[in-house]
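Some notes on the structure that comes next.
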Ligand SMILES: Nc1ncnc2c1ncn2[C@@H]1O[C@H](COP(=O)(O)OP(=O)(O)OP(=O)(O)O)[C@@H](O)[C@H]1O
Ligand SMILES: [Mg+2]
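Residue numbers (the numbering used here): 27 to 266.
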């Protein structure tokens, strides 16, 4: 039985809405496994980004505990958390901003945390492979202003993958893509999660994306209302 890479236990989050403290994420237990492509779906305001950013160690939960590879992170310092994020996570945010003054290649290399030093050839090659896989081989030296919305979104995904993260978190990464480029991106992501045993968690409203997932989690009003795996894809550790 594989070990979960990420474990959330009794996680909840409250926000002040000006006057009152409001619970936007109810107590949640969730285990995330390597090699599994999980989709998190639900209506606007249901708590998807809240849950995703808690999983990404970006937003602190109001209650509960988080462990990565079995190691509790609750008492870690900010700098230890930052290092954990850099070495384990790739993020594609809902508003995936690229740095306008940098080329596509430079935008990707910036994410590797090696600014100012010589860029290793292997890193450049990996970036080129990713861009090629996303149909962007001709865009490597362009700047974000010269790209379409969908192309920028694909660059943001390549940027999140260049460090070969164990966990990739994406918030609506296909919202600006037409069906064809959305399918290309999803195929690449799915293949990557299988072949490299990566955990991929993607937030989406788009039901066209659901068939690509190994696991579909639905969230409503801050609570998980269903958590299903594709037929033939048992829960890790589950007998069938
Ligand atoms: N920083 C914040 N301060 C106060 N309230 C917040 C904050 N962030 C989120 N919320 C509230 O928490 C609830 C869940 O927000 P969240 O961003 O997680 O929703 P979502 O499911 O990602 O929605 P969408 O699909 O529109 O992106 C919303 O009611 C939102 O107003
Ligand atoms: Mg959101």
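Note that CB positions come from ideal geometry on N, CA and C, so glycine has one too.
Problem - Neighbour-count burial assignment, residue 193, 16 or more Cβ in a 10 Å radius - result: Sixteen is the threshold: when 16 or more other Cβ atoms of the shown chains lie within 10 Å of the Cβ of residue 193, as they do, the residue is buried.
Handout entry: Rounded separation between residue 207 and residue 46 - CA only
Key = Linking residue 207 to residue 46 through their CA atoms gives a straight-line distance of about 43 Å.
Practice task
Please say whether residue 211 and residue 138 have beta carbons closer to each other than 8 Å?
Solution key: No, these two residues do not count as a Cβ contact at 8 Å.
Problem - Where the beta strand (DSSP E) through residue 90 begins and ends - result: Residue 90 -> beta strand (DSSP E) spans 89-94.
Exercise for the section: Please indicate yes or no: does the CB of residue 232 lie closer than 7 Å to some heavy atom of ligand 2? Expected result: For residue 232, the Cβ stays outside the 7 Å cut-off from all heavy atoms of ligand 2.
Problem - Helix, strand or coil at residue 62 [DSSP, three-state] - result: DSSP, read as helix, strand or coil, puts residue 62 in coil.
Handout entry: The beta strand (DSSP E) enclosing residue 227, as first and last residue numbers
Key = Here the beta strand (DSSP E) through residue 227 covers 225-229.
Practice task
Select from 216, 197, 176 and 144 the residue whose C-alpha is nearest the C-alpha of residue 70.
Solution key: The shortest C-alpha separation from residue 70 is found at 197.
Problem - Nearest residue (CA-CA) to residue 114, options 202, 31 and 201 - result: Each of 202, 31 and 201 was checked against the Cα of residue 114, and the nearest Cα belongs to 31.
Practice task
Go ahead and pull the three-state DSSP assignment for residue 104.
Solution key: Of the three classes helix, strand and coil, the one that applies to residue 104 here is helix, per DSSP.
Handout entry: DSSP state of residue 266 mapped onto helix, strand, coil
Key = Annotation note: pLDDT 44 at residue 266 (below 50); position unreliable, coordinate value reported separately. In the structure shown, residue 266 sits in coil (DSSP, three-state: anything other than H, G, I, E or B).
Practice task
Compute the minimum distance between the beta carbon of residue 75 and the heavy atoms of ligand 2, and state whether it is under 7 Å.
Solution key: Indeed, a heavy atom of ligand 2 lies less than 7 Å from the Cβ.
Exercise for the section: Count the other C-beta atoms from every protein chain shown that fall within 10 angstroms of the C-beta of residue 112, then say buried if there are 16 or more, exposed otherwise. Expected result: Exposed: under 16 other Cβ atoms inside 10 Å.
Handout entry: Where residue 159 falls: helix, strand or coil (DSSP)
Key = Look at residue 159 here: in three-state DSSP terms it is helix.
Practice task
State the DSSP-derived secondary structure class of residue 86, mapped to helix, strand or coil.
Solution key: Here residue 86 sits in coil by DSSP.
Problem - Whether residue 55 touches residue 34 by CB criterion (8 Å) - result: Yes, these two residues count as a Cβ contact at 8 Å.
Practice task
Use the C-beta contact count for residue 73: other C-beta atoms within 10 angstroms, 16 or more gives buried, fewer gives exposed.
Solution key: Residue environment for residue 73: buried (at least 16 other C-beta atoms within 10 angstroms of its C-beta).
Practice task
Taking only heavy atoms of ligand 1 into account, decide whether any of them is closer than 7 Å to the Cβ of residue 119.
Solution key: Outside the cutoff, so no.
Practice task
Work out the CA separation of residue 236 and residue 68 for me, nearest whole Å.
Solution key: Roughly 12 Å separates the two Cα atoms.
Problem - residue 254 - DSSP class collapsed to helix/strand/coil - result: Strand.
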